[in-house]
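To start, the structure itself, in structure tokens.
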Amino acid sequence: MAEYRSPLTTAMTQKLYGGLSASAGVTLSEKPIGGLAQFAGWEAFSDVILQTFDLLEPLAYNTTRSTGGFTLYRIAPTRVQVHHAEALELLEIADQIDMTQAGFVDLSHARCRLCLSGAAAEKVLQRIAPLDFDLTIFPVGGFYQSGIHHIPVLFHRTDDQEFDLFIPTTWAVSIFEYLYDAALSYGINIMALES
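By the count of our numbering, the sequence shown reaches residue 266 at its end, each step adding exactly one.
Quick look at the structure:
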């Protein structure tokens, strides 16, 4: 498997920027993508996903489901995006699926995962995306697909003050710059790619 090469290596210089104090309102880092894929199917697609991931009930919209290290996002009636920290685990699952019932597209090379965390994370995201990021509306474990300008983004709330953003690799630098600009008045701590 090819080694991941981040398009943000030169853009994300580790440092504290902006803000009126010595502390940052948010931290922005890139997390390793691991394995990311989209499964799509037809009439029996829900049954295929239930069986493949050993689930007892169908996936809900806008709420992630975690099982065996996999995080599942039901992004459409017959589409599920799946993430795992290890790309090879995802490929092994794909081998178990009957391709007459569902298709598989590896997105690991096509997406980056940014993590925005901190007390001002909601405020920063509200400046750039047309969603309500309030914890009562967008709970931990929830996700929404939307856009930043014309760029599609999947927002996943992983903690009270933390969001993972899955973004197209080709637009990673643009999204980073939008986030940077939106966060500068709160103070932003840029961190290197987590390993």
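Cβ atoms here follow ideal geometry from the backbone N, Cα and C, with glycine treated the same way.
How big is the Cα-Cα spacing for ASP133 and ALA108?
For the purposes of this step, residue 133 is identified with residue 62 of the sequence shown, where counting begins at 1. For the purposes of this step, residue 108 is identified with residue 37 of the sequence shown, where counting begins at 1. Sequence inspection shows Asn at residue 133; the Asp mentioned does not correspond to that position. Taking the straight line from one Cα to the other gives about 17 angstroms.
In the structure shown, what three-state DSSP assignment does ARG182 receive?
Locating residue 182 in the sequence shown gives position 111, where the first residue counts as 1. DSSP places ARG182 in strand when its eight states are reduced to three.
Look at the alpha carbon of ARG150 and the alpha carbon of MET262, and state the distance between them as a whole number of angstroms.
In the sequence shown, residue 150 corresponds to position 79, counting from 1. In the sequence shown, residue 262 corresponds to position 191, counting from 1. Roughly 33 angstroms between the two C-alpha positions.
Can you tell me where the alpha helix (DSSP H) with ASP252 in it begins and where it stops?
As a first step, residue 252 is located in the sequence shown; it is residue number 181 there, counting from the start. 243-254 is the extent of the alpha helix (DSSP H) around ASP252.
For MET170, count neighbouring Cβ atoms within 10 angstroms of its own Cβ and tell me buried if that reaches 16, exposed if not.
Here residue 170 refers to the residue found at position 99 when the sequence shown is read from its first residue. MET170 comes out exposed.
Would a check of beta-carbon distances place GLU101 closer than 8 angstroms to chain C?
Considering every chain present, this structure includes no chain C. It has just one protein chain.
Does the segment 201-215 touch the segment 159-170, meaning 3 or more C-beta pairs lie closer than 8 angstroms?
No: the two stretches stay apart, fewer than three of their Cβ pairs being nearer than 8 angstroms.
Within its chain, find whatever has a CB closer than 6 angstroms to the CB of ASP235; leave out the 5 residues flanking it on each side and keep chain order.
The residue labelled residue 235 in the question sits at position 164 within the sequence shown. ARG184, CYS186, HIS227, THR229, listed in sequence order.
With a threshold of 8 angstroms on Cβ separation, who are the neighbours of PHE247 within its own chain once the five nearest residues in sequence on each side are excluded?
Locating residue 247 in the sequence shown gives position 176, where the first residue counts as 1. Result list for PHE247: LEU79, ALA82, MET83, LEU99, LEU185, in chain order.
Can you list, in chain order, the residues of its chain whose CB lies under 6 angstroms from that of THR142, leaving out five sequence neighbours each side?
Numbered from its first residue, the sequence shown carries residue 142 at position 71. Excluding positions up to five away in sequence, the list reads THR135, HIS154.
Compare the Cα-Cα distances from ALA176 to each of PHE237, PRO223, PHE124, ALA111 and report the closest residue.
What you label residue 176 is simply residue 105 of the sequence shown in a count that begins at 1. Here residue 176 is Val; the residue named in the question, Ala, does not match the sequence. Nearest of PHE237, PRO223, PHE124, ALA111 to VAL176, Cα basis: ALA111.
Which residue comes first and which comes last in the beta strand (DSSP E) that contains ASP177?
What you label residue 177 is simply residue 106 of the sequence shown in a count that begins at 1. Where ASP177 is concerned, the enclosing beta strand (DSSP E) stretches over 173-177.
Enumerate in chain order the residues of its own chain whose CB-to-CB distance from VAL195 is below 6 angstroms, with the five nearest sequence positions on each side excluded.
Walking along the sequence shown from the start, residue 195 turns up at place 124. Hits under 6 angstroms: VAL97, ALA253, ALA254.
So, using beta-carbon positions, are GLY258 and SER94 closer together than 8 angstroms?
Position 187 of the sequence shown holds residue 258. Position 23 of the sequence shown holds residue 94. In contact: GLY258 and SER94 (Cβ atoms closer than 8 angstroms).
Kindly list the residues whose CB is nearer than 7 angstroms to the CB of ARG145, restricted to its own chain and excluding five residues on each side of it in sequence; keep chain order.
In the sequence shown, the residue the question calls residue 145 occupies position 74. Excluding positions up to five away in sequence, the list reads LEU130, ALA131, TYR132, VAL151.
Excluding the 5 residues preceding and the 5 following LEU178 in the sequence, name in chain order all residues of the same chain whose CB lies nearer than 7 angstroms to its CB.
Within the sequence shown, residue 178 is the residue found at index 107, counting from 1. Correct list, in chain order: LEU107, ALA108, GLN109.
In three-state DSSP terms, what is TYR257?
Position 186 of the sequence shown holds residue 257. TYR257 falls in the helix class under three-state DSSP.
Excluding the 5 residues flanking TYR249 on each side, which residues of the same chain have their C-beta closer than 6 angstroms to its C-beta?
Numbered from its first residue, the sequence shown carries residue 249 at position 178. The answer, listed in chain order, is ILE199, ILE219.
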